[in-house]
Amino acid sequence: MDAIIVNNLVKRYPRTLAVDHISFTLPQGGVLGLLGGNGAGKTTTISMLLGLLVPSAGRIRVLGHDMARDRFKALARMNFSSPYIALPARLSVAENLRVYGHLYNVPNLKRRIGELAEQFHLSALLSRPTGELSAGQKTRVALAKSLINRPDLLLLDEPTASLDPDTGDYARSALEAYQRETNAAILLASHNMAEVERLCDTVLMLKAGRIVDQGTPEALVARYGRENLEQVFLDIARRVDA
Amino acid sequence: MRSSLRRVWAMIYRHLAVYRRSWPRLAEIAYWPTLNLLIWGFTASYLAHLRAGAGVHTASALIAGVLLWEITLRGQLGVTLGFLEEIWSRNLGHIFVSPLRPAELLAALLSVSLLRTLAGLFPATIIAYLLYHYNILLLGPMLLLFFINLLFMGWWIALGIVSLLFRYGAGAEALAWTIAFGITPVACVYYPASALPGWLQPLALALPAAHVFAGMRAALFQHAADWPDLAMACALNLAWMALAILVFGAEFRRARIRGALIAIGE
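The listed protein sequences correspond, in order, to chains G and P. As numbered in numbering that gives the first Met the number 0, residues 0 to 241 make up the first sequence, in order. As numbered in numbering that gives the first Met the number 0, residues 0 to 265 make up the second sequence, in order.
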């Protein structure tokens, strides 16, 4: 079964065509990377997948539910993390996780918070106001929040931004372990090409709202005759389209 | 149903947790009602001293008016500040991608508003009794009708303001502080609608407050229930609330089309 089916998706603003007839699928258990420069349409696409934004045309099915008609059933089984959307700064880490645990109707919430605190090394921070944490600690809290409901589909926008290499590596390992254990599908938007090569089994290259290339990281590197995905990204970003 | 109640509780808990951690916020809840009561309470005492007899009636109407109008003001602020809190903390993106329905968010904001209003008015009510020997509870069961109607009015004004926040973003924040205060002249808190110029009277009479305060004056001066005015207040509140919900729903949908839910704080 496919976790995400996107068909001819379009988002048009009065002066911009942000997403231009894109179609793709993400199978359950797959990890899909969404790559592209600033303004390529990544955030717009993720926003439409999350139901934050209504598409101008096209269809989105998430976990078997049509997002135009039935988005709340899908949202209960998804989650999202982005360092650009904050958690209430005045609430403690435990209070924030409790709020989202209740919102996602998580059973045995206390135990679940304990598991996540252990997994993301948050136990000593649980009573601290979230606003007082370092950027890296906040990102770990955001990742813990995104796993609170054991989602079948996880959407991650720059999940390891602001993390030092060691913590970033730890977070990536935690995501890999979660994906292996639960067979969750993950959609990842990132500018960290090493992270995309490590986590993703398929990559979509977006430019000006369109999918300009796609494939496994290895296949893309081979097709462009490059050494790594970063060089492929630069080739595509700097290519002048006819 | 149970999971829906749990989501509503999540958002109530989220706001209670903020108040638990911040004494300035707790103090703010009671600050304005208490300050208003002190200003108008001393004015009322002075008037009562100047004009024994009629002055006492005027004084009690002033103090009751201050306390009751605060219900609308606090009720409105409780909802809009709760929503603004999510904008200020850049948390709307997380909330609106959770399974929380807009109606559940509203239910939580209204519940927080009710708690804020009760907490804000309690000290003022005690001060009115201790300083001015005015016991608002003497209005009897009518007080409950006044309270419900005025709180409802604060809520539909707040829904209108939240709709404006969806439309214009945080730039419309100032409206949260000013709209209900701006309505005060035509709410007929301290005088009947007939005291207004003829052209303003229809506007005043379209607001539930004018009818509630007519009912308050009837209860204070004639010790009678003004049922026609109270029935009109209820009917107007239902009509305004229905309109506010329609506008809220339409603006929420427009915000999802324009992408404003992501950029509302900018």
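Beta carbons: idealized from backbone N, C-alpha and C, even for Gly.
- Within the DSSP secondary-structure output, K206(G) pairs in a beta bridge with R209(G).
- Remark: C-beta atoms of L138(P) and I244(P) do not approach each other more closely than 8 Å.
- Counting only residues of its own chain and dropping the five nearest sequence neighbours on each side, V111(P) has a CB closer than 7 Å to the CB of I11, H14, G77 and G81.
- Within chain G, the residues placing a beta-carbon under 9 Å from that of R6(P) are H101, L102, Y103 and N104, ordered along the chain.
- The C-alpha of V98(G) lies about 36 Å from the C-alpha of I126(P).
- In this structure, the alpha-carbon of W176(P) lies about 13 Å from that of L163(P).
- The CB of G28(G) never comes closer than 7 Å to any CB in chain P; the least such distance is about 22 Å.
- Note on geometry: alpha-carbon atoms of E229(G) and R89(G) lie some 39 Å from one another.
- DSSP places T159(G) outside any alpha helix (DSSP H), giving it a letter other than H or E.
- With a 10 Å radius around the Cβ and a threshold of 16 neighbouring Cβ atoms, S172(G) comes out exposed.
- DSSP, reduced to helix, strand and coil, places A39(G) outside both helices and strands of the structure shown, so it counts as coil.
- Beta-bridge partners assigned by DSSP to I4(G): T24(G) and R60(G).
- Listed by position along chain P, the residues whose Cβ is nearer than 8 Å to that of G50(G) are F95, V96 and R255.
- At the C-beta level, L121(G) and R139(G) come within 8 Å of one another.
- Taking C-beta separations shorter than 7 Å and ignoring five residues to either side along the sequence, the partners of G130(G) in its chain run A88 and R89, following chain order.
- When the Cα atoms are used, G224(G) and T215(G) turn out to be separated by approximately 14 Å.
- Beyond the five residues adjoining it in sequence on each side, A171(P) comes within less than 6 Å, by CB distance, of L163 and L164 in the same chain, given in chain order.
- In this structure the region 29-47 of chain G touches the region 203-215 of chain G; the number of beta carbon pairs closer than 8 Å is three or more.
- Shortest Cα-Cα distance from F212(P) to any of A9(P), V65(P) and I28(P) involves V65(P).
- Residue A143(G) holds the alpha-carbon nearest to the alpha-carbon of S81(G) among A73(G), G63(G), A143(G) and T24(G).
- The region 49-69 of chain G and the region 2-21 of chain G touch, with no fewer than 3 CB-CB distances between them shorter than 8 Å.
- Residues of chain G with a Cβ closer than 7 Å to the Cβ of A9(P) are, in chain order, V98, H101 and L102.
- At a C-beta separation below 7 Å, E94(G) has these neighbours in chain P: A16.
- At a C-beta separation below 9 Å, L25(P) has no neighbours in chain G, since its nearest C-beta there lies roughly 13 Å away.
- Taken through DSSP and simplified to helix, strand or coil, D19(G) comes out as strand.
- Within 10 angstroms of the beta-carbon of F220(P) lie fewer than 16 other beta-carbons, which makes it exposed.
- With three or more CB-CB distances shorter than 8 Å, the region 159-171 of chain G counts as touching the region 184-198 of chain G.
- Listed by position along chain P, the residues whose Cβ is nearer than 8 Å to that of V53(G) are R252, R255 and I256.
- Residues of chain G whose Cβ lies closer than 9 Å to the Cβ of G40(P) do not exist; the shortest such Cβ separation is about 34 Å.
- Interface with chain P (8 Å Cβ-Cβ cutoff): I84(G) is included.
- For M66(G), the secondary structure class from DSSP, reduced to helix, strand or coil, is coil.
- The alpha-carbon separation between L125(G) and P227(P) amounts to approximately 56 Å.
- Annotation for L105(P): no beta strand (DSSP E) segment contains it, though the alpha helix (DSSP H) segment containing it runs P101 to Y131.
- Between G168(P) and A230(P), the C-beta spacing is not below 8 Å.
- Closer than 8 Å to the CB of S46(G) there is at least one CB belonging to chain P.
- Annotation: V161(P) to R222(G) spans about 52 Å, alpha carbon to alpha carbon.
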